[in-house]
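A short write-up of the structure that comes next.
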Amino acid sequence: FHAPENDERMKVAAAMLLTLRGTPFLYYGEEIGMRDISLKRSELQDPVGVTYWPFNKGRDGCRSPMQWSSKQNAGFSSGKPWLKVHTNYVKRNVGAQDSDPKSILNFYRKLLKLRKNTPALQKGMFVPLTYDPQQVMGYLRQVDGQTVLVALNFGKRKIKLALGPRLNDARWELLLSNKRDTLPKIAKGWLHLSGDEACILLLK
């Protein structure tokens, strides 16, 4: 994972993972946006990478020590770790994000709490609304009279998501968003989203 760092887009990806059907799995460090490390062949430990370099560089890039704090070796160990720590650990670590209400870590916490307390997100059926692999994904989760709308904008520009005629006059309650604390604009069957926004709504 070497793409440019975009915490808001990481939150959108997290919202997708934790609102889709199935059992979600979180890989350590994902909840704070940890990045893969770049390694020279001489630094590899994974037998696959050592054997098949450069055609297969192995899995060591995503196995660096968990970044707990800004201390030596990211607070992982006072000794020399098996693999080096990513250079961004001074700013990207659990300690720094724990006290930041807008951090990726705290957004994950909100998502996990929401999933735990919302039956539709745990066991509801999946009803697709729209899908554009380059930009937007929208769907409903429904169970026992509860309907949750998930709207995800993976692009930088503002977009409109078509809700369909059945939801034209629906009333919504905002459950969670990474960009706002109030309901987004909804007009004539269109939901307006900011760039890199995840928006989760409950049908009232």
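If you're matching positions, the sequence shown starts at 1240 in this note's numbering and goes up one per residue.
Glycine included, each C-beta is placed from N, C-alpha and C at the ideal position.
| Query | Result |
| --- | --- |
| DSSP-derived helix/strand/coil call for residue 1367 | strand |
| Residue 1288: first and last residue of the uninterrupted alpha helix (DSSP H) it sits in | 1286 to 1291 |
| Nearest to residue 1258 (by Cα), restricted to the options 1376, 1403, 1330, 1313 | 1376 |
| Rounded separation between residue 1284 and residue 1394 - CA only | 37 Å |
| Sheet register partners of residue 1425 (DSSP bridge) | 1430 |
| 3 or more residues per run - each beta strand (DSSP E) lying fully within the stretch 1340 to 1424 | 1364 to 1371, 1375 to 1382, 1385 to 1392, 1398 to 1401, 1411 to 1416 |
| Contact check, residue 1428 vs residue 1392, beta carbons under 8 Å | no |
| Three or more C-beta pairs below 8 Å linking the stretch 1326 to 1335 and the stretch 1352 to 1362 | no |
| Alpha-carbon to alpha-carbon, residue 1424 and residue 1240 | Summary for residue 1240: the model assigns pLDDT 49, below 50, so the residue's position carries little reliability, and this model does not support an answer. |
| From 1263, 1269, 1260, residue whose alpha carbon lies closest to that of residue 1342 | 1269 |
| Proximal residues to residue 1389 (C-beta, below 6 Å), its chain only, five neighbours per side dropped | 1258, 1378, 1439 |
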